[in-house]
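Numbering that gives the first Met the number 0 numbers the first residue of the sequence shown as 0 and each following residue consecutively. C-beta: ideal position from N, C-alpha, C; glycine also. A short worksheet on the structure shown next.
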Amino acid sequence: MSDGMKRRQFLVDSTAGVAGFAAEFGGSALRSSRSQGEDKAQGEAETIGRPVHVVSIGFQLGRPLEEIASWVDREGNQGADLIALPETCRGQNDTSEEPLDGPTVSAMARLARKHRTYIVCPIDRKQGSQRFNSVVLLDRTGKVVCIYNKIFPVWSGECMQNHVLPGEQARVYQADF
0 MSDGMKRRQF LVDSTAGVAG FAAEFGGSAL RSSRSQGEDK AQGEAETIGR PVHVVSIGFQ
60 LGRPLEEIAS WVDREGNQGA DLIALPETCR GQNDTSEEPL DGPTVSAMAR LARKHRTYIV
120 CPIDRKQGSQ RFNSVVLLDR TGKVVCIYNK IFPVWSGECM QNHVLPGEQA RVYQADF
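Quick look at the structure:
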């Protein structure tokens with residue numbers, strides 16, 4: 000089985016597991032964990048919604064922004080609904096800090112707007128004198144709609160050496176799918 004097929008099967012299996020978990024704990028829009036036979040027997044016809052095209056782009060951290068943008072642009076051209084980049088995708092070192100309106104989020108916001116897609120854009124974020132390992136969610140218009148500051152940064156690495164502060168809460172954003 001090719002690596003692409005293995006990743007696809009992993010995503011299918013993961014999605015099914017998450018959907019079952021969410022339904023068990025109140026995810027009304029998701030299919031419940033009951034078997035299809037039970038649903039039919041009880042006459043319940045739940046719908047999941049339209050298929051969503053999700054792309055996770057993986058690469059060695061610290062790649063040039065132009066290269067990252069070209070990969071995102073290519074996936075956006077393919078009709079992705081959500082494009083996720085790896086944690087601190089431009090790296091995390093003495094020179095990687097950037098504000099929310101810095102070059103990475105600005106470039107990804109333009110691409111989100113161009114392709115009408117959500118983009119998960121993790122950055123080494125500077126906010127005043129504070130530093131966070133942040134995930135910035137851009138909506139289909141390129142607007143920042145959610146920021147998650149990693150709650151449990153890797154203490155031996157990023158926090159100790161780079162003075163990264165932990166976030167305070169997990170964030171949830173309701174997308175249009």
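For residue i, the first and last residue of its enclosing alpha helix (DSSP H)
i, result
"arginine 112", "102 to 114"
"serine 133", "Where serine 133 is concerned, there is no enclosing alpha helix (DSSP H), although the beta strand (DSSP E) it sits in stretches over 129 to 137."
"isoleucine 67", "64 to 76"
Residues near residue i in its chain [Cβ-Cβ closer than 7 Å; skip 5 each side]
i, result
"glycine 78", "His52"
"threonine 103", "Leu64, Arg89, Glu97, Cys120, Ile122"
"glycine 80", "Looking at the sequence provided, one finds aspartate at residue 80 rather than glycine. Correct list, in chain order: Val51, His52, Val53, Thr116, Tyr117, Phe176."
First through last residue of the beta strand (DSSP E) which encompasses residue i
i, result
"aspartate 123", "117 to 126"
"isoleucine 146", "143 to 148"
"alanine 79", "Unbroken run through alanine 79: none, as it is neither H nor E."
"valine 53", "53 to 55"
Local Cβ density within 10 Å of residue i, reported as buried at 16 or more and exposed below that
i, result
"phenylalanine 176", "exposed"
"lysine 113", "exposed"
"glycine 141", "buried"
"glutamate 74", "buried"
"threonine 94", "exposed"
"arginine 170", "exposed"
"glutamate 167", "exposed"
"aspartate 138", "buried"
"alanine 108", "buried"
Beta-carbon proximity list for residue i, same chain, < 6 Å, skipping 5 on both sides
i, result
"alanine 83", "Ser55, Val119"
"valine 71", "Ile82, Leu110"
"glycine 145", "Reading off the sequence, residue 145 comes out as cysteine, not glycine. Leu136, Arg170, Tyr172."
"serine 105", "none"
Same chain only: Cβ atoms within 8 Å of residue i, ignoring 5 sequence neighbours per side
i, result
"proline 165", "Asn148, Lys149, Ile150, Phe151, Pro152, Cys158"
"proline 121", "Leu84, Pro85, Glu86, Thr87, Cys88, Asn132, Ser133, Val134, Val135"
"arginine 130", "Glu96, Asp123, Arg124, Asn161, His162, Val163, Leu164"
"glycine 57", "Pro85"
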